[in-house]
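Be aware that the sequence shown starts at 1, since it is given in my numbering, and climbs by one per residue.
First the structure, in the form of structure tokens, and then the observations on it.
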Amino acid sequence: RYIGHNPAGAAMVMVLIVAMLGCAFTGWLYTTDAFWGAEWVEETHEILANGLLILVLVHIAGV
Numbered sequence: 001r002y003i004g005h006n007p008a009g010a011a012m013v014m015v016l017i018v019a020m021l022g023c024a025f026t027g028w029l030y031t032t033d034a035f036w037g038a039e040w041v042e043e044t045h046e047i048l049a050n051g052l053l054i055l056v057l058v059h060i061a062g063v
């Protein structure tokens, strides 16, 4: 037994937090003048957002 999350749950929490921060950062980055229209920022944001959806589904399925 573990206090709090087990190791797999803790890893999932960390991955979710990092993915959310990355998604938020690239979303903000895309609104700046320097990166407006930058294709790599948009693609990275899309990959992170889709990955987050998958991670959330996996997290729900694991609970």
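All C-beta atoms in this analysis are idealised placements derived from N, C-alpha and C, irrespective of residue type, glycine included.
Where residue i falls: helix, strand or coil (DSSP)
i	result
T26	helix
A34	coil
G51	helix
Contacts around residue i, its chain only, beta-carbon distance under 8 Å, and the 5 residues preceding and following it disregarded
i	result
H59	M12, L16
A49	C23
G51	A19
Length of the line joining the Cα atoms of residue i and residue j
i	j	result
E42	T26	8 Å
P7	V56	17 Å
T44	G62	26 Å
Buried/exposed call for residue i, threshold 16 Cβ in 10 Å
i	result
H5	exposed
A34	exposed
A19	buried
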